[in-house]
Each structure stands twice: as C-alpha cells, then as structure tokens.
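Here the structure is laid out as structure tokens; the discussion comes afterwards.
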Amino acid sequence: MDGYSRELFPHWISWGDRCNTRELVLIRDGSDVEVDQECRAVTGTWWSVYDDVEVSPASGVDIDHMVPLAAAWRSGADEWDTARRRQFANDLEAPQLFAVSARSNRSKGDQTPADWVPPATGYHCTYAVHWTEVKTRYDLTITDDEQAALSGMLDTCP
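So for the sequence shown, this note's numbering puts the first residue at 133; every next one is plus one.
Here it is as structure tokens:
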C-alpha cells in the first residue's frame, strides 16, 4: 500500500504516570484484572466478542483497532497529520479499541467488513454499528463492498 507504515500511527501512548493505551484497554475490558507496578496485567480474563471465547492470560489478548490502521489509511487517514493519527490509534472514547483473542485479531488483520466479519454471528450488529460510528467520527470513506457487508450485518440488528 503506497506510503503506509504502521509507525505513522503512534500507538500505545502513555496516559499519566504508568499505563499505556494497550494496558488501559486490558483493564477496561477484562474481569478481575490485576496489574503490576508497571501497569502490566498479571491476572485477569477477557471475553473476546469476535469469536465468543474467554481468554487468559493477557498474552493471549490483542487490542484490536475496530477500523484497522491500514484500512483507515486507505480510506482517508493518509491525509491526516501525525496528531490525528495518534488520536485515532489511541482513541479510548470511540468504539475503536477492543481486547479480543489474538487469534481473531490476527485473522482479521487489516481487512474491512467486505472481507472479514467476526465468527460470532451474535456480534455482527454491534460490529457494524461500531465500524460505522468510527468511520463517521473520523470522516473516513466506505467502499461499496464495505457498505454492502455492513448493510447485511445491520439487517441482523433487533
């Protein structure tokens, strides 16, 4: 992909004295999470909504960018400055960062809903809503194939 590099999106920035973005998401999304003095999760369990499995220890958890960095690049983030990319890569307010199983995150890679949907079909509605919210919040484009896939998932909403 022309010009893209993950390093163009500074991620896992420090918040305060100890914790970085990844660590904060692990704490937020986990159950019974205990951290050491450096804010690393030493115990806890995480429910991976993408594939409907419980994950423990934290080494089995990845933090997924709902809209992957490369997908954002292809849909408009290539025109952003570094500050905007940093905000996107570390956004704890939008439904952009989730603790999920490493297996599901690596299966997803940088794909859009046109090419990948969560194996847990019960999560399709929420996934489509979150994807659309992030794309809208950051004024990112949606391809026709992406829109068709999102529409199909939104049809599963109650």
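Using N, Cα and C, we set each Cβ at its ideal position, and we do this for glycine too. Treat the numbers as computed from the prediction; the structure is a model and nothing was measured.
Item to complete: Under 8 Å by Cβ, that's how I've got Val-181 and Tyr-255 pegged, so tell me the actual separation to the nearest angstrom.
Response: 5 Å
Discussion item. Can you give me the C-alpha to C-alpha distance between Pro-142 and Ile-195, rounded to a whole angstrom?
Written reply: 14 Å
Worksheet item: Nearest-angstrom Cα distance between Ile-145 and Met-198?
Response: Cα to Cα, Ile-145 sits roughly 18 Å from Met-198.
Discussion item. With DSSP as the reference, identify every bridge partner of Phe-230, one or two as the case may be.
Written reply: Its beta-bridge partners are Asp-196.
Discussion item. Assuming contact is defined by CB atoms lying nearer than 8 Å, are Pro-245 and Ala-221 in contact in what I supplied?
Written reply: no
Worksheet item: Quick one: Cα of Asn-152 to Cα of Leu-158, how far?
Response: 10 Å
Fill in: N- and C-terminal bounds of the beta strand (DSSP E) containing Asp-164
162-167
Worksheet entry | Contact set for Thr-175: own chain, Cβ-Cβ below 6 Å, skip 5 residues either direction | Result list for Thr-175: Glu-166, in chain order.
Fill in: Through-space distance from Glu-155 to Ser-188, alpha-carbon basis
15 Å
Item to complete: Could you check how far apart the C-beta atoms of Ala-204 and Tyr-270 are, in whole angstroms? I think they sit under 8 Å.
Response: Contact flag correct, Cβ pair sits at about 7 Å.
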